[in-house]
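Enquirer: Residue numbers (this note's numbering), protein chains in the order written: chain Y, 29 to 240; chain X, 2 to 260.
Backbone N, C-alpha and C fix where the C-beta goes; we use that ideal spot for every residue, glycine too.
Before I ask anything, let me first share the structure, which is written out below as structure tokens.
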Amino acid sequence: MIAILDYRAGNLTSVQRALQFLNFPCRITCSQEEIRNADRIIFPGVGAAGKSMDDLRELGLDAMLREAIQSGVPILGICVGLQVLFDYSEENDTPCLGILPGKVRLFPRDMKDAKNERLKIPHMGWNRVVFSRRHPVFENVKPESEFYFVHSYYPEAADEADVLGRTEYGIYFSSAVARENLAAVQFHPEKSGPPGLQILKNFCRWNGRSPS
Amino acid sequence: MLSKRIIPCLDVRDGRTTKGIKFKDNIDIGDPVEMGRFYYEEGADEIVFYDITASSDRRPIMLDVVRRVAETIFIPFSVGGGIRTLEDMRDVLLAGAEKVSVNSAAVLDPDIIRQGAQAFGSQCVVLGMDVKKVPVSAKIPSGYEMVINGGRTRMGIDALWWAKEAERLGAGEICLNSIDADGTRDGYELQLTRLISTSVGIPVIASGGAGKPEDLLDVLSIANADAALIASMVHYGTHTIAGIKKFLDENGVKVRKTW
Numbered sequence: 029m030i031a032i033l034d035y036r037a038g039n040l041t042s043v044q045r046a047l048q049f050l051n052f053p054c055r056i057t058c059s060q061e062e063i064r065n066a067d068r069i070i071f072p073g074v075g076a077a078g079k080s081m082d083d084l085r086e087l088g089l090d091a092m093l094r095e096a097i098q099s100g101v102p103i104l105g106i107c108v109g110l111q112v113l114f115d116y117s118e119e120n121d122t123p124c125l126g127i128l129p130g131k132v133r134l135f136p137r138d139m140k141d142a143k144n145e146r147l148k149i150p151h152m153g154w155n156r157v158v159f160s161r162r163h164p165v166f167e168n169v170k171p172e173s174e175f176y177f178v179h180s181y182y183p184e185a186a187d188e189a190d191v192l193g194r195t196e197y198g199i200y201f202s203s204a205v206a207r208e209n210l211a212a213v214q215f216h217p218e219k220s221g222p223p224g225l226q227i228l229k230n231f232c233r234w235n236g237r238s239p240s
Numbered sequence: 002m003l004s005k006r007i008i009p010c011l012d013v014r015d016g017r018t019t020k021g022i023k024f025k026d027n028i029d030i031g032d033p034v035e036m037g038r039f040y041y042e043e044g045a046d047e048i049v050f051y052d053i054t055a056s057s058d059r060r061p062i063m064l065d066v067v068r069r070v071a072e073t074i075f076i077p078f079s080v081g082g083g084i085r086t087l088e089d090m091r092d093v094l095l096a097g098a099e100k101v102s103v104n105s106a107a108v109l110d111p112d113i114i115r116q117g118a119q120a121f122g123s124q125c126v127v128l129g130m131d132v133k134k135v136p137v138s139a140k141i142p143s144g145y146e147m148v149i150n151g152g153r154t155r156m157g158i159d160a161l162w163w164a165k166e167a168e169r170l171g172a173g174e175i176c177l178n179s180i181d182a183d184g185t186r187d188g189y190e191l192q193l194t195r196l197i198s199t200s201v202g203i204p205v206i207a208s209g210g211a212g213k214p215e216d217l218l219d220v221l222s223i224a225n226a227d228a229a230l231i232a233s234m235v236h237y238g239t240h241t242i243a244g245i246k247k248f249l250d251e252n253g254v255k256v257r258k259t260w
């Protein structure tokens, strides 16, 4: 059973629907017991970092996540579920889980594209991820694939070893990260068409071991 | 670099699309769920379902459509038409839509934008704008006025002011429809699109007037739209999404080519 962590963040059902489509049994839950017994955990999220951290703490899921990371069970973070893994987010000036070193910052307001047009915020729509190394969760994904993003804050990993892929939107940011049994993406694989579904399928079959 | 989005729009009445797609074998298919799936596989970047159901007691049929669409397509889709209250928004989002579009109701009661953004996040709230070109006046300094009821009722509100106000209230995106261009297939209203798109910091989807791939090229490059809504040019099989994207790509517009 795959546990989809329920901490009152939006968009949980779309992850569930994608897994159901792929025939992987899953359950949206905030029960510590169910999460502890899960074969793997998906940590989704839409919303603000501040409220997400408050809700995680209130439900005791921050400690739960740390425990799960120690246990070696495969974990996939999505969007805000990636962002709160870092030390800190500028959104609501929020201290986060500190599982990965790095920060989450607001896109600068004055970014311009190649034609000197102002870049809109949120970064909303389809963009590429340039992978710098291989990982089981991102196998069988064509390098020119694009993924659906929607966010106003971007992750900046401090440890190069955690970064799997980067995306360009005015600046380059860490859009896919991984460490040991943890993988996380800034985009929404459940809304990214066939390549997104491939990533979910890969995660559901991953043994949690990262290539050294 | 972000791709420009190509978004087919399906008009749904009582659970059926009002214009079926003519597939290659010329069979009309009016099931919005099948049509959504068809465009998903064709490479649509997003899909808009516009509910033109006349009576509100037929609304549950639309929610059922949304639920069935959400089970089979894995790209963002939005639902608009007749959204009046926070409850309406919640129903559509819980049924599986990513975004919900408010139009007339927001002009009449702008607070719905703020409430929606607060409850569900700005990324869920699309402001639909129906706009008509009018003579420049003290009241309408941009020369573009907000209209409702398919253009029949002029609201005395300046479209440029309203776009900025909606952004301030928390709209995450604007779907900008020119009533003058709508249905003409003569091209988008480029001046209006450029005016709004360069004045707000949120993405703008251009709507109304698409007839050929060149029209999308103009609106996505000259007018700086972030996305383009298309309807009859693909519904009748005159053009395909892949063909439109190939044309845009050859002309220097960044689009998503692999799916």
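Examine the Cβ distances between the segment 162-173 of chain X and the segment 211-230 of chain X and report whether three or more of them are shorter than 8 Å.
Expert: Judged by Cβ distances under 8 Å, the segment 162-173 of chain X makes no contact with the segment 211-230 of chain X, as fewer than three pairs qualify.
Enquirer: With 16 as the cutoff for other CB atoms within 10 Å, does Y:Asp138 come out buried or exposed?
Expert: Y:Asp138 is exposed by the Cβ-count criterion.
Enquirer: Answer yes or no: do Y:His163 and Y:Tyr197 have a C-beta to C-beta separation smaller than 8 Å?
Expert: Not a contact, by the Cβ cut-off of 8 Å.
Enquirer: The segment 217-235 of chain Y: which residues have C-beta closer than 8 Å to a C-beta of chain X, in chain order?
Expert: Result list: Glu218, Lys219, Ser220, Gly221, Pro222, Pro223, Gly224, Leu225.
Enquirer: Could you tell me which chain Y residues have their CB closer than 9 Å to the CB of X:Ala71, listed as they occur along the chain?
Expert: What X:Ala71 touches in chain Y: Thr41, Ser42, Arg45.
Enquirer: Whose C-beta lies closer than 8 Å to the C-beta of X:Leu64 among residues of the same chain, with five residues either side of it excluded?
Expert: If we look at X:Leu64 and ignore the five residues flanking it on each side, its Cβ neighbours are Asp92, Val93, Ala96.
Enquirer: Give the straight-line distance between the Cα atoms of X:Tyr189 and Y:His179, rounded to the nearest whole angstrom.
Expert: So the two alpha carbons sit approximately 28 Å from each other.
Enquirer: Check whether chain X comes within 8 Å of Y:His163, counting only Cβ atoms and requiring the distance to be less than that.
Expert: So no, Y:His163 is outside the interface.
Enquirer: Rounded to whole angstroms, what's the CA-CA distance from Y:Lys140 to X:Met147? Just pull it up for me.
Expert: Their Cα atoms are separated by approximately 30 Å.
Enquirer: Give the interface partners of Y:Val178 over in chain X, defined as CB-CB distance under 7 Å, in chain order.
Expert: The answer, in chain order, is Gln124.
Enquirer: Can you find a CB in chain X that lies within less than 8 Å of the CB of Y:Pro239?
Expert: No - not a single Cβ of chain X is within 8 Å of the one on Y:Pro239.
Enquirer: Contact criterion: CB-CB distance below 8 Å. Does Y:Tyr116 meet it with respect to chain X?
Expert: No - not a single Cβ of chain X is within 8 Å of the one on Y:Tyr116.
Enquirer: Since Y:His179 is in the beta strand (DSSP E), which residue starts that stretch and which ends it?
Expert: Unbroken beta strand (DSSP E) run through Y:His179: 174-179.
Enquirer: Can you check whether the C-beta of Y:Met81 is within less than 8 Å of a C-beta belonging to chain X?
Expert: No, Y:Met81 lies away from the interface with chain X (no Cβ there is under 8 Å from its Cβ).
Enquirer: So Y:Val169 and Y:Thr195 are supposed to be a Cβ contact under 8 Å. How far apart are they, rounded?
Expert: With 8 Å as the limit, Y:Val169 and Y:Thr195 do not qualify as a contact, their Cβ atoms being about 14 Å apart.
Enquirer: Would you call the segment 221-229 of chain X and the segment 209-226 of chain Y touching, i.e. three or more CB-CB distances under 8 Å?
Expert: Flag = no, the segment 221-229 of chain X and the segment 209-226 of chain Y do not touch.
Enquirer: Measure the beta-carbon distance from X:Ile206 to X:Ala228 and round it to whole angstroms, keeping in mind my assumption that it falls under 8 Å.
Expert: Their Cβ separation, rounded to whole angstroms, is 4 Å, which keeps X:Ile206 and X:Ala228 in contact under 8 Å.
Enquirer: Give me the DSSP bridge partner(s) of Y:Arg133.
Expert: Paired residue(s): Y:Tyr182.
Enquirer: Out of curiosity, what's the CA-to-CA distance linking Y:Phe71 and X:Asp112?
Expert: Their backbone Cα atoms lie some 32 Å apart in a straight line.
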